[in-house]
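If you read the sequence shown in the numbering used here, its first letter stands for residue 3, the second for the next number, and so on.
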Amino acid sequence: PSGSLKDRIALEMIRGAEEKGLLKPGYTIIEASTGNTGTALSFVGTQLGYNVEIYMPEGMTPERIKIMEAYGAKVHELELEGDANGAVAGAEVEIGTRVKCLEIEKNNSDVWWARQFSNSANTRAHVKTGREIIRQLAESVDAFVASIGVGGTLYGVAKALREDYPNVTIVGLEPDSARYPISEGFYCVPGVDKSVCGGIIEEMMNSGIVDRVVKVSNSEAVSMSDRLVREEGLFCGISSGANVFMACKLAEELGDDKNVVTVLPDHRDRYLSEKKYTT
């Protein structure tokens, strides 16, 4: 409903925290986010009666902030060291805001930090997504492709698919301009404490479930997302373009009679002022 698949993880994380007694009535939900998860938590959290505060680095597109505020969240923009505008992967740009969330949670007993980057409920939500894919597709799944942000979508869907289709090919995507490419073994930003880095990505990559991680250029992602809007009427975001671009390439590689599955993570409305492939 809020425009991305992050609604699934927002509900799963909140319900999981409630069941464990970590999140109680009157608490404030906080999260470090550059967009979709912040929006999803703003939507789900406020609907369930919680205050929601999102910490974002300066330089994100204004429409993302306006959407979160429309749902009733309070958005804090933090001036961070380095070039947040130049970063393209979640772990690269969110470290400073994650550190801020960790500090706030430690100093306030009525605050719950969602921790999407390491919260097992994130992966669990997308195991359910994977099972939906299996139910909805009459034939077998030969490959699954998805961009890697914090890793929950790829890891969760891959876990579900591998149960039914042990030989399914799992391919992760990342921007070719990533400073610390996962494809080159950077599962955490160098020199950063594991309390704010690693998490799902590190667990996923060390598990061996991902067959390969491929780089996609900004022009490839933007071009395909434009085609999806104009040719298919799918008003989806830039990572959707990256996913479909690589799914098409993989389909050509695998040959006829193979089913390659991907996801369209979000709407185009949060990329109107800037077309940039970020994860």
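We treat Cβ as the ideally placed atom computed from N, Cα and C, and that holds for glycine.
Annotated three-state conformation of Phe146 is strand, per DSSP. For the pair Val143 and Asn261, the CB atoms are nearer than the 8 Å cut-off. Counting along the chain, the unbroken beta strand (DSSP E) around Lys76 starts and ends at 76–80. Within 10 angstroms of the beta-carbon of Pro267 lie 16 or more other beta-carbons, which makes it buried. Going by beta carbons, Glu60 and Thr30 fall outside the 8 Å limit.
Looking at the backbone, the Cα of Met226 and that of Ile67 are separated by about 26 Å. Pairing Met58 with Leu82, the inter-Cα distance amounts to about 10 Å.
Following the DSSP letters along the chain, one finds Thr48 in no beta strand (DSSP E) but inside the alpha helix (DSSP H) bounded by residues 38–49.
Counting along the chain, Thr131 sits inside the alpha helix (DSSP H) bounded by residues 122–138. For the pair Glu165 and Gly257, the Cα-to-Cα distance works out to about 24 Å. Between Thr36 and Val101, the gap from beta carbon to beta carbon reaches 8 Å or more.
Spanning the alpha carbons of Ala249 and Tyr52 requires a straight line of approximately 39 Å. Rounded to the nearest whole angstrom, the CA to CA distance from Ala12 to Ala72 is 17 Å.
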